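Student:
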Amino acid sequence: MKMKSLILLILLSFSGSANADVTVKRVDFLESLDLAFNAAGPLFVHMDHQRNRLVVANTLSSSLTVIECENNSVKNFPVGGRALQHLKIESMAINSKTGDVCLVGPNCFYVASIETGVFQMCKTDRQFESVCFDENRGHVYLVGREIPEIGFYNTRSQELKMLKWVKHAEPLININQTTPPPLRKVFFDNQLNRLIALDGFTSQLYIFKVPDHTLERVRELKLRRGGRWHLAGYDQQRHFLYLAIETNSRNVVQAAKIDIRKSNDTIVGLPGLREGVGINYHSKREEIYVPYDNAASVHVIDFKGRGHVEEVLLPTFGNDATAIDANKDLLYIASWAQGEIDVVDLKSRSLVKRITGLGILPHMFNIAFNPVNNLIYIPRGATAVNGNFGAAVHALEPETEELKRIYTGWAPIDIIESPARRSFFVFSSENQFSEVTYDGNYKMHDLPYDYPICAGMNSSGNVYLSYGPHQSYWPTVYIWGAKNGILTIDSNDLSYYNRRIPRQALQIATEEDDALYFTQNNWGKEPQFLGRLTDEVRLFDIGNRIVTGDTVQRETTQRILRHDAQAGQLFLVRTGERSDDHGVLHIIDTESHDILRKVTVGLCPTDLVFDNSRIYVSNFKSNTVSVIHRHDDTVGEIETGTQPLRLCLLEGDLYCLAHAGKRLQKISTPVQDYSLPGNWLPDNVTQWGGRIVLTAHNVGALFIAQFDPLDKSFTLLHQEKYPYGDTRFDAQNASFFLNGQYGDAIPVITRLRVDQNGKLWVSDLLSGKLFIIEE
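Next comes the structure, spelled out in structure tokens:
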């Protein structure tokens, strides 16, 4: 009954017919993978050893992925929301008795029964970080630095209760770019039937009786308070907790074995190497392993030997994820610096071999080892530093060094028309593109390099494709595994011409003489600059870059790049160094490369359009549009609905799509306001046939609608039912906590293009579909 009422409300909100007189051709790219639901942005990989399956948490799509390791079959489960990429693997737990999964999302968490297909979602007003199961009862416990209580979720009644615990709380913020591991942790000892909560702020350990949650005891640990507390493991048989302690300045100074029953702790001093990550525990050997992001070493702490410490030399730094083969006593360490996995023999305490050429590997995250098939599972291209936009998990056989790609989905990240071929190229976020002819037939093509980002076209009709996962060049090192570049795709024979660039290019702009401009993602504090390829042939030359004169430090902030061919100008917009800093627009002359003008705009700029007299910039957090007059120094601000996301010009009139405001606005005097017909979160907008076309989502459908400026009415062009879940642009679920975009390298979910015959093409990243609409 509720569903019928909802549909009636939406249909009555439209003026005239609910559906326009159009035909819609639907292309489903998931059919090539035999998948019902999509999965992109693999963040965490977690082995369910009892069932020989891999569970993958995704941060682009609102889905969990389950890979049956016996045959690598993939099934995606919509759970209603995304994983939060600023968290660590402790935000995910598997109940070994049932196979149920709990995953913390942005101000929410999900409990998924893989066996029954029943999924629960619980929203919270603050952010949890660490989770565990009471496997005796199936309930969930959660803690986080923002919350002084312990969350207790009864999976039967689906009720969340907050258990009184500590007093201090502070927000989860961007600390040193990558968010720290949870300083508060929660565990459940299924044999002792005890809830264990750890508060790193005070260095205190709390033990609660279950099920009444009475405090049994609390004691202070002889560990440094604050900083970053890394979990190596919890031993359910011996009842010991293993930790490594890192200071606020990122020096690892202690390793600890905490006795839950008798308080017979072992605490060991460490030499203070920087940025310990991927810390792991070997239960058979009673050892923990501390590799370092900033040092070419791994420390072995032997707690059988009362905390004896040994150092194993590694080839280089960047050692951020580990897995253990307990049967062979091998430690696998993923290093992003050169894109390799180092194999360490734990008996001889020595490096066995390097498995090289694996590409960019997880930075600050995890890998998983399966002792049944001896495979290492890697969520490549999924990190809080370089972004998360792939759609595959990679399986490595360490003996043969064979690497296989297991596709979890097909996510269209950009589309571009090839008029000469009478088709569109639809690029996936992983390593493929589909050529779709005007009649809707398509053929898949493998790309020679991973991670397409955005596409443009030169005067010859050839496609420029920006690709790559990360910065390749740091001031003191080259990251060998990060292959970034501009790939030219010949429109005649689809041959490739590749040009490597040293930095990931998130935005590109082309000139008529085949010159190409692209944003250059900084690493640390650097001059702000644009990269440039002068023609269709020459390789990148750093001497041809354009330096703006500004300095940037917060990465991935150069958000908008537009080209005005008629005026010979580039418009480059970046967001602020902090979320409450204003954005900056640079107007650049393409001939002299001079910075003609520097303009301060609003908070969190998201889009820019222009005409002959004005430039308009939407400011997501200011709820304004900046109006920059091109022929004088005048700059104005016009108030808009909440979270102006995208702009569109139609016959001289400016239209703004407000995200949280859920409205289309004509920016005039006064502003004309049109609420969207349903409870939709708008995504993108363009003009088509003298009307405004917009895309929007709710949790269960995509809506493609048009707005007629004459009779001021909306008409539904197409509705696509799909479990979208979270489609917000304000969750900061992107690198460096950026707001006003869906995800890393994902400024919008849908892409809108009008072909040379007047058809409207709409690609949808989350459902893996393309829609061709003809009047």
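For what it's worth, the numbering used here labels the leading residue of the sequence shown as 1265, then goes sequentially. In this text, a Cβ means the ideal position worked out from N, Cα and C, and glycines have one as well. The structure presented is a predicted model; accordingly, all values stated were derived computationally and were not measured.
1. If you draw a straight line from the C-alpha of K1266 to the C-alpha of Q1384, how long is it?
2. If we ignore side chains and look at the alpha-carbon of each, how far apart do A1684 and V2018 end up?
3. Counting only the same chain and skipping the five closest in sequence on each side, list residues whose C-beta sits under 6 Å from that of K1486.
4. I think I1588 touches F1633, with their Cβ atoms under 8 Å apart; what is that distance to the nearest whole Å?
5. Per the contact definition of three or more C-beta pairs closer than 8 Å, is the region 1707-1724 in contact with the region 1754-1774?
6. G1533 bridges to which residues according to DSSP?
7. Report the three-state DSSP secondary structure of E1604 (helix, strand or coil).
8. Could you check where the beta strand (DSSP E) with N2045 kicks off and where it finishes?
9. Are E1699 and F1689 closer than 8 Å when you measure CB to CB?
10. Considering only their Cβ atoms, is the gap separating L2016 from A1284 smaller than 8 Å?
11. Would you say A1559 and L1537 are within 8 Å of each other, going by their C-beta atoms?
12. Could you check what DSSP says for I1806 in three-state terms: helix, strand or coil?
13. Excluding the 5 residues flanking E2039 on each side, which residues of the same chain have their C-beta closer than 6 Å to its C-beta?
14. Using the Cα positions of E1399 and S1326, report the straight-line distance between them to the nearest angstrom.
15. Looking only at its chain, what residues have a beta carbon closer than 8 Å to the beta carbon of E1855, apart from the 5 residues adjacent to it on each side?
16. Name the residue from N1722, Y1728, S1687 whose alpha carbon lies nearest to the alpha carbon of M1708.
17. Given that a residue counts as buried once 16 or more other Cβ atoms are within 10 Å of its Cβ, and exposed if not, what is L1577?
18. According to DSSP, is H1350 part of a helix, a strand, or is it coil?
19. By how many angstroms is the C-alpha of V1404 removed from the C-alpha of F1451?
20. Can you list, in chain order, the residues of its chain whose CB lies under 7 Å from that of N1997, leaving out five sequence neighbours each side?
21. Going by C-alpha distance, which of L2024, S1882, K1361, G1654 is nearest A1304?
22. Our contact map puts R1483 next to S1547 with C-beta atoms below 8 Å; I'd like the distance itself, whole angstroms only.
23. In terms of residues, what are the limits of the beta strand (DSSP E) holding K1985?
24. Below 8 Å on the Cβ atoms is my contact criterion, and I expect I1765 with V1727 to pass it. Report the Cβ-Cβ distance as a whole number of Å.
25. Could you give the distance in angstroms between the alpha-carbon of P2059 and the alpha-carbon of N1454?
26. Bridge partners of V1636, per DSSP?
27. Confirm, please, whether the CB-CB distance from N1583 to I1597 is below 8 Å.
28. For the beta strand (DSSP E) containing H1770, name the first residue and the last one.
29. With DSSP as the reference, label F1465 as helix, strand or coil.
30. Alpha carbon to alpha carbon, what distance is there between G1464 and F1581?
31. Does the structure place the region 1951-1959 close enough to the region 1985-2003 that three or more beta carbon pairs sit under 8 Å?
32. G1954: buried (16+ other C-beta within 10 angstroms of its C-beta) or exposed?
33. Once you ignore the five residues that flank I1642 on each side, which residues in its own chain have a CB closer than 6 Å to its CB?
34. Using 10 angstroms around the beta-carbon of K2033, count the other beta-carbons present and answer buried if the total reaches 16, otherwise exposed.
35. What does the Cβ neighbour count give for G1623, buried or exposed, with the cut at 16 atoms within 10 Å?
36. So, at 6 Å on beta carbons, what are the nonlocal neighbours of N2021 in its own chain, with the 5 sequence-adjacent residues on each side left out?
Tutor: Concretely, from the data shown:
1. With a pLDDT of only 24 at K1266, under the threshold of 50, the placement of this residue in the model should not be trusted, and no figure is reported.
2. Looking at the two C-alpha atoms, the distance is approximately 15 Å.
3. Result list for K1486: I1531, in chain order.
4. Indeed they touch by this definition, with Cβ atoms about 6 Å apart.
5. They touch, by the three-pair rule.
6. Within the DSSP secondary-structure output, G1533 pairs in a beta bridge with Q1518.
7. Three-state DSSP puts E1604 in a strand.
8. Not covered by the structure: residue 2045. The range shown for the chain is 1265 to 2039.
9. When the beta-carbon positions are compared, E1699 and F1689 come within less than 8 Å of each other.
10. No; because the gap between Cβ atoms is not below 8 Å, this pair is not in contact.
11. Going by beta carbons, A1559 and L1537 fall inside the 8 Å limit.
12. Helix, per DSSP.
13. V1286, listed in sequence order.
14. Each residue's Cα considered, the two are about 25 Å apart.
15. G1832, listed in sequence order.
16. Nearest Cα to M1708 within the set N1722, Y1728, S1687: S1687.
17. With a 10 Å radius around the Cβ and a threshold of 16 neighbouring Cβ atoms, L1577 comes out exposed.
18. DSSP places H1350 in coil when its eight states are reduced to three.
19. About 10 Å.
20. For N1997, where only same-chain residues beyond five positions count, the Cβ hits under 7 Å are T1323, R1346, L1348, Q1349, P1370, G2007.
21. The candidate whose alpha carbon is nearest that of A1304 is G1654.
22. With a Cβ gap of about 24 Å, R1483 and S1547 do not count as contacting.
23. Run containing K1985: 1977-1985, per the beta strand (DSSP E) assignment.
24. With a Cβ gap of about 16 Å, I1765 and V1727 do not count as contacting.
25. Residue 2059 lies beyond the stretch modelled for the chain, which goes from 1265 to 2039, so this question has no answer here.
26. Paired residues: none, contrary to the question.
27. Yes, these two residues count as a Cβ contact at 8 Å.
28. Per the sequence shown, residue 1770 should be read as Leu rather than His. From DSSP, L1770 is part of no beta strand (DSSP E); its letter is neither H nor E.
29. Note: F1465 maps to coil in three-state DSSP.
30. Note on geometry: alpha-carbon atoms of F1581 and G1464 lie some 27 Å from one another.
31. No: the two stretches stay apart, fewer than three of their Cβ pairs being nearer than 8 Å.
32. Classification for G1954: exposed.
33. Counting only residues of its own chain and dropping the five nearest sequence neighbours on each side, I1642 has a CB closer than 6 Å to the CB of I1631, H1658.
34. Answer is buried; the Cβ neighbour count reaches 16.
35. Flag for G1623 reads buried.
36. Once the five neighbours on either side are set aside, N2021 has no close Cβ partner at all.
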